[in-house]
Amino acid sequence: MDRGVADAARRWAWPFLVASACAILAAGFARGTPTLFFNLSYAWIIAWLLLLEAWLPFRASWRRPDGQILHDLGHTLLNKGLVQLLIITLAGRGVLEQRAPGLLATAPMALQVAVGLVASEFGLYWAHRLKHEWPALWRFHAVHHSVRKLWLVNTGRFHFVDSLLAVAASLPGLLLTGISMDAIIWVSAITAYIGILTHCNVDMRCGRLSLVFNTPNLHRWHHAIDASIGNSNYGENLVLWDRLLGTFHHRPGAEVETIGIREFMPAGFLGQLAAPFRWRRCQAEGVSTAGEGR
Ligand SMILES: [Zn+2]
Ligand SMILES: [Zn+2]
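Following my numbering, the numbering of the sequence shown begins with 47 at its first residue and continues without gaps.
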């Protein structure tokens, strides 16, 4: 493959995938079927990432199986299902409709989406930071960080309690802005697009985009096993609050070394679900089995 083509792909993959997925969603809004088109846009990104992970992996060793694929998918299905249940329950009780009808609901959509992203980001930033700095929450978040490689399949590997906390942290800010329901769908979709890109094992060169958005380059630092590096880049979509509050870690040209956690994490799915609730015993078992699983 021509080196120039590969370099162009590294440079343009991130903006191309976000912009094209947004274009697909916009077509869905125009046709009155945003949910269907959101699913199509998400499948579009997944298809590209499967191709790009094979062609331009960030780290070739991360292509090897880690024995966690079914567990990654299991956590993803469980937490997405429970989050949907929470949203449906809130909608059924009229909570989503009771938000203050703001002036913003009739503002240009791009402005509404920008305000929605910044507002939801504030809650997401603090929730994520607390999950790293408060040991009681870290036990849940450690399930996400226990992976030893990053690729698109472990994007949704979160303990379900961790996911419910993230929704609880972002929803109030989003609803208080008074933006329209269409804008909330846009914000949720962009969060999904940027989220799946942060974990991909593709050698993307995001350049100055990393000064505004949470990119794969930034998120890999966040997964560093060394907490003095990993306790950074808490932003979900934007790095605004990281930059303002001094937790931004960006070293262009440098690469993260080992990712993961120093604590023990059971190798089995049910063990991972139970681990946060029996953390001390779990760690004691980990010492006795001398690092098996992580
Ligand atoms: Zn984290
Ligand atoms: Zn992650």
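We put the CB at the ideal spot given by N, CA and C, even for glycine. Keep in mind the model is a prediction, meaning the values are calculated, not measured.
Contact check, residue i vs residue j under 8 angstroms by CB: the rounded distance?
i      : j      : result
Thr347 : Arg175 : This structure leaves residue 347 out entirely; the chain is present only between 47 and 340.
Glu99  : Val248 : 6 angstroms
Asn125 : Gly202 : 7 angstroms
Leu63  : Trp94  : 6 angstroms
Leu290 : His245 : Going by Cβ atoms, the distance from Leu290 to His245 rounds to 25 angstroms, so no, they are not a contact pair.
Val233 : Val159 : 6 angstroms
Leu220 : Gly162 : 6 angstroms
Thr223 : Gly148 : 6 angstroms
Quick one: give me the first and last residue of the alpha helix (DSSP H) that residue i is part of.
i      : result
His178 : 155–179
Pro111 : No alpha helix (DSSP H) contains Pro111, which DSSP labels as neither H nor E.
Met227 : 227–245
Tyr280 : Run containing Tyr280: none; DSSP gives neither H nor E here.
Gly219 : 206–222
Ser66  : 49–77
Trp90  : 80–101
Asn263 : 262–268
Ser334 : 325–334
Asp288 : 286–291
Ile275 : 273–276
If you compare alpha carbons, which of the options is closest to residue i?
i      : options                        : result
Leu286 : Ala55, Ala173, Ser256, Ile275  : Ser256
Asn260 : Met250, Gly281, Asp112, Gly219 : Gly281
Phe315 : Gly306, Gly120, Phe104         : Gly120
Phe204 : Gly148, Ala320, Asn279, Gly299 : Ala320
Trp108 : Trp172, Arg139, Asn200         : Asn200
Gly306 : Phe75, Gly50, His265, Ala59    : His265
Ser209 : Ala55, Asp48, Arg308, Gln130   : Gln130
Ala52  : Val258, Leu97, Ala300, Gln114  : Leu97
Trp180 : Pro103, Asn277, Tyr239, Arg57  : Asn277
Review point. Pairing CB atoms from the segment 191–211 with CB atoms from the segment 261–271, are three or more of them under 8 angstroms?
Key: Yes: at least three Cβ pairs fall under 8 angstroms.
Exercise for review: Please confirm if the segment 66–74 is in contact with the segment 83–94, defined as three or more CB-CB distances below 8 angstroms between the two stretches.
Suggested key: Under the 8 angstroms Cβ criterion, the segment 66–74 counts as touching the segment 83–94, having at least three qualifying pairs.
Point to revise | Stretch-stretch touch, CB-based, cutoff 8 angstroms, three pairs: the segment 211–223 with the segment 315–327 | key: no
Practice item. Let me have the residue list for ligand 2: C-beta closer than 6 angstroms to any non-hydrogen atom, ordered along the chain. Key: Residues whose Cβ lies closer than 6 angstroms to any heavy atom of ligand 2, listed in chain order: His190, His245, His265, His269.
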